[in-house]
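**Student:** First the structure, then my questions, so here it is.
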Amino acid sequence: MLTKTKEARVAQAAGETRPMTMIQALRSALDVMMERDDNVVVFGEDVGYFGGVFRVTEGLQQKYGKSRCFDTPINEGGIVGAAVGMGAYGLRPVAEIQFADYFYPAYDQIVSEAARLRFRSAGDFTCPLTVRMPCGGGIYGGQTHSQSPEALFTHVCGLRTVIPSNPYDAKGLLIASIESDDPVVFLEPKRLYNGPFDGHHDRPVTPWSKHPLGNVPEGYYSVPLESAAVVRPGKELTVITYGTMVWVSLAAAEETGVDAEIIDLRSLWPLDLETVLESVKKTGRCVVVHEATRTSGFGAELAATVQEHCFYHLEAPIERVAGWDTPYPHATEWAYFPGPGRVGAALQRAVEG
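What the sequence shown shows, in UniProt numbering, is residues 1 to 353, in sequence order.
Below, the structure written as structure tokens:
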């Protein structure tokens, strides 16, 4: 899965690697950028003294002081509103929303202010803002700690939406996001913080220290935004996915024996359309997988885009596997979560169709 790409060569130049969880990789990215640029500031609920509810910002306040890593009130609209002002005045704020489920009070600031600032000012102002949000289920968080709201951001012109699936990409993509002059919504799948998760909740967790993508350079490197990764080459069909579902799709391909080419989008919008279309035109079949609610989910956009560009190459209908159109349940978590069984069934339907 880890190939000697241009990204890997750049990362190799960044110094020694060491095993990191996604939490540690994200912290390393923040540390690198705060050290390189005094304009980078980190803030949110409990991110300072406490180090964040998931400990991503642990130690940053002690190292950089309370003016560069600080706590805020429980006020998501205020957090993002302040960050927009900071960005307009030349800082590069990294704001944390403690759980993606609680970003809704800040949605107006994200959409009406952050995403529009460069356009409404005719380029006189930019908003180099990164909003970090832990997202997704598989942690028994129930309906208010398990949502995947990515489609609500990909619909907004002027925003970038990023979701990493491993520590290596997490660090490189976060650095690239902080360096971007456009506002970036950076969604972090909570279920992947401490190890890859294939959807089999009844099995022991595999730590990132036992996976190649858990070896992360300690220094500076970046993974380009708008760049998808082919994490599994294949000939029979194309799976388009991101976040936790990358690992579920890999498990489904292995368990069914379907020779699937699996694409990790990494950047949802802007989309690496070239990589997606090249794969679908090669395989002639496509399955779209995401954890979020099915109706109007980002998978609908992906399916429509593939249909538009690859109609004469498709040999079977495009399949979608997603969460159900209900609030995220607690007691029946694994009936909602798109596991390898549901994904594998879709792979087989696509191959046989």
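Every residue gets a Cβ at the ideal spot worked out from N, C-alpha and C, and that includes glycine.
1) Looking at C-beta atoms only, is the number of pairs between the stretch 42-49 and the stretch 64-72 that lie closer than 8 Å three or more?
2) Out of L271, P212, P204, which has the shortest C-alpha to C-alpha gap to residue 356?
3) From the beta carbon of F298, is the nearest beta carbon of chain D less than 8 Å away?
4) Curious, which full-length beta strand (DSSP E) runs of at least 3 residues does the stretch 245-277 contain?
5) Applying the 10 Å Cβ sphere with the 16-neighbour rule, what's the burial state of E315?
6) Is DSSP giving R232 helix, strand or coil here?
7) Taking only the alpha-carbon atoms, compute the straight-line gap between residue 354 and V289 and give it to the nearest angstrom.
8) Below 7 Å CB to CB, which residues in the same chain sit around R203 once its five sequence neighbours on both sides are set aside?
9) If you follow the beta strand (DSSP E) that L237 is part of, which residue opens it and which one closes it?
10) Ordered along the chain, which non-local residues of its own chain (more than five positions away) have a Cβ less than 7 Å from that of E150?
11) Taking the alpha carbon of I175 as the point to measure from, which residue in V131, G195, A114 has its own alpha carbon closest?
12) Just how far apart, CA to CA, sit A303 and H309?
13) Apply the 10 Å Cβ neighbour rule to S148 and answer buried if 16 or more other Cβ atoms are within range, or exposed otherwise.
14) Excluding five sequence neighbours on each side, which residues of the same chain lie with their C-beta closer than 8 Å to the C-beta of T154?
15) So for P204, helix, strand or coil by DSSP?
16) Would you kindly check if the distance between the Cβ of G59 and the Cβ of A95 is under 8 Å?
17) In this structure, does DSSP put M1 in helix, strand or coil?
18) Any chance the stretch 126-141 sits against the stretch 95-105, with 3 or more Cβ pairs inside 8 Å?
19) Could you name the residues of the same chain whose beta carbon sits closer than 7 Å to that of A252, not counting the 5 residues immediately before and after it, in chain order?
20) Do G219 and V42 have their beta-carbon atoms positioned less than 8 Å apart in this structure?
21) Excluding sequence positions up to five away, which residues of its chain have a Cβ less than 7 Å from the Cβ of R55?
22) Drop a sphere of 10 angstroms on the beta-carbon of S121, count the other beta-carbons inside from all chains shown, and report buried for 16 or more, exposed for fewer.
23) Considering just the uninterrupted stretch of the beta strand (DSSP E) at R92, what are its terminal residues?
24) Please report the straight-line C-alpha distance between W334 and I318, rounded to a whole angstrom.
25) With respect to the beta strand (DSSP E) encompassing G214, which residues constitute its N-terminal and C-terminal limits?
26) Could you give the residue range of the alpha helix (DSSP H) that holds P340?
**Tutor:** Well, looking at it:
1) Yes: at least three Cβ pairs fall under 8 Å.
2) With the chain covering 1 to 353 only, the question about residue 356 has no answer from this structure.
3) Although the question refers to chain D, the structure presented lacks it and comprises just one protein chain.
4) Those beta strand (DSSP E) runs which fall completely within the stretch 245-277 and span 3+ residues are 260-264, 267-269.
5) One-based indexing of the sequence shown puts residue 315 at position 315. So E315 counts as exposed.
6) Translated into the one-based positions of the sequence shown, residue 232 becomes position 232. Three-state result, R232: strand.
7) Not covered by the structure: residue 354. The range shown for the chain is 1 to 353.
8) Taking the first residue of the sequence shown as position 1, residue 203 is located at position 203. Cβ neighbours of R203 beyond the five flanking positions: none.
9) If you number the sequence shown from 1, residue 237 lands on position 237. It spans 237-241 - the beta strand (DSSP E) in which L237 sits, taken as one unbroken run.
10) Walking along the sequence shown from the start, residue 150 turns up at place 150. Same-chain partners within the cutoff: T161, I163, L187, L268, A292, F298.
11) As a first step, residue 175 must be located in the sequence shown, where it is residue number 175. Distances from the alpha-carbon of I175 to those of V131, G195, A114 put V131 closest.
12) Numbered from 1 along the sequence shown, position 303 holds the residue referred to as residue 303. Numbered from 1 along the sequence shown, position 309 holds the residue referred to as residue 309. About 10 Å.
13) Walking along the sequence shown from the start, residue 148 turns up at place 148. Per the 10 Å Cβ criterion, buried.
14) As a working note, residue 154 is residue 154 in the sequence shown. T161, L268, W269, F298, E301.
15) Along the sequence shown, one-based indexing puts residue 204 at 204. Of the three classes helix, strand and coil, the one that applies to P204 here is coil, per DSSP.
16) The sequence position of residue 95 within the sequence shown is 95, counting from 1. The sequence position of residue 59 within the sequence shown is 59, counting from 1. Result no, Cβ atoms of A95 and G59 do not sit closer than 8 Å.
17) Indexing the sequence shown from 1 puts residue 1 at position 1. In this prediction, M1 has a pLDDT of 47, which is less than 50 and means its spatial position is unreliable; what the coordinates show is noted afterwards. In this structure, M1 counts as coil in the three-state DSSP scheme.
18) With the cut-off at 8 Å, the stretch 126-141 and the stretch 95-105 touch.
19) The count along the sequence shown starts at 1 and reaches residue 252 at position 252. Hits under 7 Å: P340, V343, G344, L347.
20) Residue 42 sits at position 42 when you count from the first residue of the sequence shown. Residue 219 sits at position 219 when you count from the first residue of the sequence shown. Taking 8 Å as the cut-off, the Cβ atoms of V42 and G219 do not count as close.
21) The count along the sequence shown starts at 1 and reaches residue 55 at position 55. Cβ within range, chain order: I23.
22) Counting from 1 along the sequence shown, the entry for residue 121 is found at position 121. That one is exposed.
23) For the purposes of this step, residue 92 is identified with residue 92 of the sequence shown, where counting begins at 1. That run of the beta strand (DSSP E) goes 92-96.
24) Position 334 of the sequence shown, counted from the first residue, corresponds to residue 334. Position 318 of the sequence shown, counted from the first residue, corresponds to residue 318. For W334 and I318, the distance between alpha carbons rounds to 24 Å.
25) Here residue 214 refers to the residue found at position 214 of the sequence shown. Counting along the chain, G214 falls outside any beta strand (DSSP E), and DSSP gives it neither H nor E.
26) Position 340 of the sequence shown, counted from the first residue, corresponds to residue 340. Where P340 is concerned, the enclosing alpha helix (DSSP H) stretches over 340-352.
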